[in-house]
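Okay, structure coming up:
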């Protein structure tokens, strides 16, 4: 997100009282408020969280505070333009199905375009959809476009995700930990997801991130990172040229708990990467 003071958080209560919750912050997380409403079909109180509809992923507008898209397991992602006070569904006749999220699933299916604040990307199984908000807060609407029907991901891949560039509109990357022959490990699109180019050399990718560029003449405007195995060597890899070449920046102490599940790259400091370890703190790397 390009305005980090504004945040939104989705959660569930897996104990009594069961239910869903959305929270928002306008001070970089120092304080949080529960939204007065939830997306359609999502409830603050449920008999049990298993089998109940959830809203697992959020994509926050890169440019407009209070505007974010929330995925739903019971249907298309839903949009709020008033910081969670109300939610709407799109006017499109053709829409994507619901998020396939399950508990302890590391599938990151929804991201904003981090340059165009009216655009969001959503992965549904093999498909890539683009949602475009009309930019209005008084008469809000958004529409869906299926831009790619077969991006190479599969619903059953345990680790997978979609990433957007912090500096280039329409630059989309996808990754997965699949070891299947021909499966996507890491792939990029420079045209909004219409076509993807595989990044060769990776055996599998657990998590990936895009961050600040090197600012060296000739390098790309952003850097790419992947935690995985490349030519059978595990580590954290960095690319400054849109994935054409990769440098192994860390192989030490790679016991990042049992299941590292999220990764972020700094937008302020080139080469700074953070990995969530699923129970053992945050793993920090600086190239």
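Numbering (the numbering used here), first residue to last: 7 to 293.
Note that the Cβ used here is the ideal one computed from N, Cα and C, for glycine as well.
If you're wondering where the values come from, they're calculated on a predicted model, not measured in any experiment.
Best match in the options for proximity to residue i [C-alpha to C-alpha]
i	options	result
residue 288	274, 276, 265, 273	265
residue 69	87, 83, 199	87
residue 272	228, 95, 147, 125	228
residue 104	256, 125, 267, 129	129
residue 268	60, 95, 14, 114	114
residue 163	193, 112, 58, 37	112
residue 248	127, 100, 226	226
residue 171	117, 285, 26	117
residue 67	122, 218, 91	122
residue 90	178, 82, 45	45
Spatial neighbours of residue i in its chain, beta-carbon cut-off 8 Å, leaving aside the 5 residues before and after
i	result
residue 207	236, 237, 252
Straight-line gap, residue i to residue j (C-alpha atoms, nearest Å)
i	j	result
residue 42	residue 31	14 Å
residue 21	residue 55	8 Å
residue 300	residue 23	Any property of residue 300 remains undetermined from this structure, which presents the chain solely from 7 to 293.
residue 222	residue 276	11 Å
residue 290	residue 274	15 Å
residue 37	residue 10	14 Å
residue 146	residue 256	46 Å
residue 286	residue 280	13 Å
7 Å Cβ shell around residue i - same chain, five flanking residues per side excluded
i	result
residue 186	none
Bridge partner(s) assigned by DSSP for residue i
i	result
residue 278	292
residue 113	166
residue 194	179, 203
Minimum Cβ-Cβ distance from residue i to chain D less than 9 Å
i	result
residue 196	Annotation note: the requested chain D is absent from the structure, which comprises a single protein chain.
Exposure of residue i, with buried meaning 16 or more beta-carbon neighbours within 10 Å
i	result
residue 17	exposed
residue 212	buried
residue 175	exposed
residue 53	exposed
residue 48	buried
residue 15	exposed
residue 292	exposed
Proximal residues to residue i (C-beta, below 6 Å), its chain only, five neighbours per side dropped
i	result
residue 204	193
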